[in-house]
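Note that UniProt numbering has the sequence shown beginning at 1, numbered continuously upward.
Backbone N, C-alpha and C fix where the C-beta goes; we use that ideal spot for every residue, glycine too.
See structure below.
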Amino acid sequence: MYVKNIVIDGFVHGKVEITCNSWVHSKYDNPDKRIFFTNKSYLPSQTPSGLKKLRETELVTLRGDGFGERKIFERIYDYDVYNDIGNPDGDVDGKRPVLGGKELPYPRRCRTGRPRSEKDPLSESKSDFTYVPRDEAFSEVKDLSFSGNTIYAVLHAVVPGLQSIITDPELGFPHFPAIDSLYNVEVELPALQTNSLFSIIRRLIRAISETRKDVLLFETPEFLERDKFAWFRDVEFARQTLAGLNPYSIRLVKEWPLKSKLDPEVYGPPESAITKELIELAIGGFMTVEEAVQQKKLFILDYHDLLLPYVNKVNELKGTVLYGSRTLFFLTPNGTLRPLAIELTRPPVDDKPQWKQVYCPTWYATGAWLWRIAKAHVLAHDSGYHQLVSHWLRTHCCTEPYIIASNRQLSAMHPIYRLLFPHFRYTMEINGTAREKLINANGVIESSFSPGKYSMELSSVAYDLEWRFDREALPEDLISSESPVREAKCSHPKGLAEEDPNAPYGLRLTIEDYPFASDGLVLWDILKQWVTNYVNHYYPQTNLIESDEELQAWWSEIKNVGHGDKKDEPWWPELNTPNDLIGIVTTIIWVTSGHHAAVNFGQYNYAGYFPNRPTIARSKMPTEDPTDEEWEDFLNKPEEALLKCFPSQLQATTVMAVLDVLSNHSPDEEYVGTNIEPFWKDEPVINAAFEVFSGKLKELEGIIDGRNADCNLKNRNGAGVMPYELLKPFSEPGITGKGVPYSISI
Numbered sequence: 001m002y003v004k005n006i007v008i009d010g011f012v013h014g015k016v017e018i019t020c021n022s023w024v025h026s027k028y029d030n031p032d033k034r035i036f037f038t039n040k041s042y043l044p045s046q047t048p049s050g051l052k053k054l055r056e057t058e059l060v061t062l063r064g065d066g067f068g069e070r071k072i073f074e075r076i077y078d079y080d081v082y083n084d085i086g087n088p089d090g091d092v093d094g095k096r097p098v099l100g101g102k103e104l105p106y107p108r109r110c111r112t113g114r115p116r117s118e119k120d121p122l123s124e125s126k127s128d129f130t131y132v133p134r135d136e137a138f139s140e141v142k143d144l145s146f147s148g149n150t151i152y153a154v155l156h157a158v159v160p161g162l163q164s165i166i167t168d169p170e171l172g173f174p175h176f177p178a179i180d181s182l183y184n185v186e187v188e189l190p191a192l193q194t195n196s197l198f199s200i201i202r203r204l205i206r207a208i209s210e211t212r213k214d215v216l217l218f219e220t221p222e223f224l225e226r227d228k229f230a231w232f233r234d235v236e237f238a239r240q241t242l243a244g245l246n247p248y249s250i251r252l253v254k255e256w257p258l259k260s261k262l263d264p265e266v267y268g269p270p271e272s273a274i275t276k277e278l279i280e281l282a283i284g285g286f287m288t289v290e291e292a293v294q295q296k297k298l299f300i301l302d303y304h305d306l307l308l309p310y311v312n313k314v315n316e317l318k319g320t321v322l323y324g325s326r327t328l329f330f331l332t333p334n335g336t337l338r339p340l341a342i343e344l345t346r347p348p349v350d351d352k353p354q355w356k357q358v359y360c361p362t363w364y365a366t367g368a369w370l371w372r373i374a375k376a377h378v379l380a381h382d383s384g385y386h387q388l389v390s391h392w393l394r395t396h397c398c399t400e401p402y403i404i405a406s407n408r409q410l411s412a413m414h415p416i417y418r419l420l421f422p423h424f425r426y427t428m429e430i431n432g433t434a435r436e437k438l439i440n441a442n443g444v445i446e447s448s449f450s451p452g453k454y455s456m457e458l459s460s461v462a463y464d465l466e467w468r469f470d471r472e473a474l475p476e477d478l479i480s481s482e483s484p485v486r487e488a489k490c491s492h493p494k495g496l497a498e499e500d501p502n503a504p505y506g507l508r509l510t511i512e513d514y515p516f517a518s519d520g521l522v523l524w525d526i527l528k529q530w531v532t533n534y535v536n537h538y539y540p541q542t543n544l545i546e547s548d549e550e551l552q553a554w555w556s557e558i559k560n561v562g563h564g565d566k567k568d569e570p571w572w573p574e575l576n577t578p579n580d581l582i583g584i585v586t587t588i589i590w591v592t593s594g595h596h597a598a599v600n601f602g603q604y605n606y607a608g609y610f611p612n613r614p615t616i617a618r619s620k621m622p623t624e625d626p627t628d629e630e631w632e633d634f635l636n637k638p639e640e641a642l643l644k645c646f647p648s649q650l651q652a653t654t655v656m657a658v659l660d661v662l663s664n665h666s667p668d669e670e671y672v673g674t675n676i677e678p679f680w681k682d683e684p685v686i687n688a689a690f691e692v693f694s695g696k697l698k699e700l701e702g703i704i705d706g707r708n709a710d711c712n713l714k715n716r717n718g719a720g721v722m723p724y725e726l727l728k729p730f731s732e733p734g735i736t737g738k739g740v741p742y743s744i745s746i
């Protein structure tokens, strides 16, 4: 039974309300009685003596004993490595390495305790049930249109339906009109009308009553409606690095010449083929390369050293091609970025030496088509990094240990537990669904993204090289980030902002018109002020932080267990003062709200038309060791070469269906700053602070509208340009490209 709350009336001082929001199991499943606390929050040292034992008992129950297979009614939070991605017992090619440990560091997930695989004792076996603690489940409580339910329906019904009608999984699109015909044209899905799952996908699946057939109907993404040819243009390619789906990868070039830090004995000469002469020619003598670096005019998307170690392995797979890539941009006087060059690299393989080539925007036909195909490769790299690192790893995956530690170490009556509670709703359930159908062996990600079966392994490499808790905070992330180099593991400044006490929010952006950063810093500041008011109320003296044994155990467990593969890193923040706690909690809240919203809710609008964001490149560059026949084919039919590089029909439509529901807000979406938690409302100081918080978020809506209307901000305003609204706090239901929910619930 789901118990929302208990109200006890009849006291002299009025009603006592106990907020439960919990599933209560049958006494036949577990005879232990349940404990619920009133809405008043207490630090451990301030707990009434009559409650202390109950407070401790409840935490012991939630931790469990670490043994046995978890059952559906249990509420136990415990840790395990990612040993459930593969399916060695079921698929011929189903074995995957364990993520988590010295070899492949990774955050921990929730332990399910399923039996080990028969064929691979390191892996967990598969079952029809993926355990999450009972109160993390949403399926029976939320409205059927809730995003978590729709993604389940798409993965369990729509994707298999597509696989049944597209019999050739490698079949590409014959021409661009065939791609255009995907939108608002019905694709019949056979023999699925009896499947009740389809009734809950109200936007994507339309039932035709006369024929009693189920059909798939893709609506035209807003990006395509505004400008059908924007995807083709370099100005849009560059703009989306600042205001698109993945605004986390662009970096300032601080050193010249560009040089790899990988081992040249293995990967070939480290020097980049992007030369000083080539760049100075591209910028038309406007300035020298040295001047451009000094004046902070050169920026880069650098996937060279991260991807190069995987190139030969991936290229052995069928139907996918990978390179290491660098893409260079120049900051123009009007504040926009201009692409200058793309470098693609293949390391030595067999008896072939390293291959690398630079492509530039040109004014002759062959060069123009080669540039377009090179862009498709880079976009596939960026799409993979976005989905595997910016989205999955940095939000979904890294948040799960915070949730587990909060439930194991912070009592339900702890004020910090209650501050974080709405930011953790439904995340573990959606992560469980992802492990089952999205990031699993031969799942949607592996089948449709360039790294293929090495996708999750690559996200582990990125975690090892790049992830730092202190730099998950937006201001610190803009200032610097980790170098994507395994051997060096040294810090390279990201260089997108500098500390400046006279600038708004204490940061001066290197690119003034950087929509994600500009809006994100306002949201960050609003979140931090709310957390500051909250923390200072409960911790008026510094010694209360150090003496709070639950809080200290919580932070210790996050560092040493949940993210235990990085426990010895020197950059973990200390937790000794209220300011330390404010920084830690604001960072966690930003990741679950602003960061996730920025990389998730624009997915269909930007990638629903896949030529704008292809997830995979299926053919090599026409200039990489071509035969005479291959080169002749390219010269005669260059458009065909681009179409062959794009995803297949099955890959494209599968990803489109998934992105449709990932980008969708359900009618009962819970946006940050809208509904006040009962625990907060009952405390007058916190209630007042929440009102300020909510008001500031409404002001942010107006700030963003004003920026989008400013014709001087060319990265978010202009003919056919999508306004940047991903960090607008509130939204109506549907695919809107705006709205910041409290939590990672999709």
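Residue i vs residue j beta-carbon contact at 8 Å
i	j	result
I179	P611	yes
S448	L99	no
K40	N21	no
I85	R75	no
I744	H396	yes
G673	G594	no
S272	K259	yes
T623	P578	no
L527	A497	no
L328	L340	yes
A462	G562	no
V358	L278	yes
Range of the contiguous alpha helix (DSSP H) that encloses residue i
i	result
C360	Run containing C360: none; DSSP gives neither H nor E here.
Y77	First-last for Y77: undefined, no H or E at that position.
L162	V159 to I165
A374	A365 to Y385
F299	Unbroken run through F299 is the beta strand (DSSP E), L298 to D302; no alpha helix (DSSP H).
N536	P515 to Y538
G10	Run containing G10: none in the alpha helix (DSSP H); it sits in the beta strand (DSSP E), Y2 to F11.
G583	P578 to W590
P221	Element bounds for P221: n/a, residue is neither H nor E.
G706	P684 to N708
A341	From DSSP, A341 is part of no alpha helix (DSSP H) but of the beta strand (DSSP E) over L337 to R346.
L551	E549 to E557
Which listed residue (the options) has its alpha carbon closest to that of residue i
i	options	result
A473	T61, E557 and W571	W571
R435	D710, E691 and E124	E124
E280	K728, E290 and E725	E290
T38	Y606, P422, A412 and I584	A412
A709	Q529, F129, P723 and T220	P723
H175	L643, R716 and Y77	L643
V389	V24, P247 and F173	P247
P353	G285, L393, E429 and E265	E265
E569	L575, V740, L262 and W467	W467
L581	A598, V531, N560 and E557	V531
Endpoints, the beta strand (DSSP E) within which residue i is located
i	result
residue 750	Lying outside 1 to 746, the shown extent of the chain, residue 750 is not represented and no answer is given.
S406	S406 -> not in any beta strand (DSSP E); alpha helix (DSSP H) instead, spanning C398 to Q409.
G324	G324 to L331
E436	That residue, E436, is in no beta strand (DSSP E); it is neither H nor E in DSSP.
E69	Where E69 is concerned, there is no enclosing beta strand (DSSP E), given that its DSSP letter is neither H nor E.
L281	Segment K276 to A282 is the alpha helix (DSSP H) holding L281; no beta strand (DSSP E) there.
L245	From DSSP, L245 is part of no beta strand (DSSP E); its letter is neither H nor E.
beta-carbon residue i near the ligand MG non-hydrogen atom, thresh 7 Å
i	result
V92	Looking for the ligand MG in the displayed structure turns up nothing, as the structure carries no ligands at all.
Proximity test, Cβ basis, 8 Å: residue i and chain D
i	result
D580	Chain labels in this structure do not include chain D; a single protein chain is all it has.
Is it true that the stretch 499-508 meets the stretch 666-683, where meeting means three or more beta-carbon pairs spaced less than 8 Å apart?
no
For the structure I just gave you, are there three or more beta carbon pairs, one from the stretch 367-376 and one from the stretch 416-427, closer than 8 Å?
no
Which whole runs of the alpha helix (DSSP H) in the stretch 615-646 are 4 residues long or more, in chain order?
628-636 and 638-645
Report yes or no: do three or more beta-carbon pairs, one from the stretch 596-615 and one from the stretch 222-242, lie closer than 8 Å?
yes
Taking contact to mean at least 3 C-beta pairs separated by less than 8 Å, is the stretch 681-696 in contact with the stretch 628-640?
no
Below 8 Å, how does it come out for the stretch 372-381 and the stretch 710-721: are there three or more Cβ pairs, yes or no?
no
Below 8 Å, how does it come out for the stretch 103-116 and the stretch 63-83: are there three or more Cβ pairs, yes or no?
yes
In chain order, which alpha helix (DSSP H) runs of at least 4 residues are fully inside the stretch 451-479?
455-466 and 474-479
Can at least three beta-carbon pairs, one atom from the stretch 583-601 and one from the stretch 294-310, be found at a separation below 8 Å?
no
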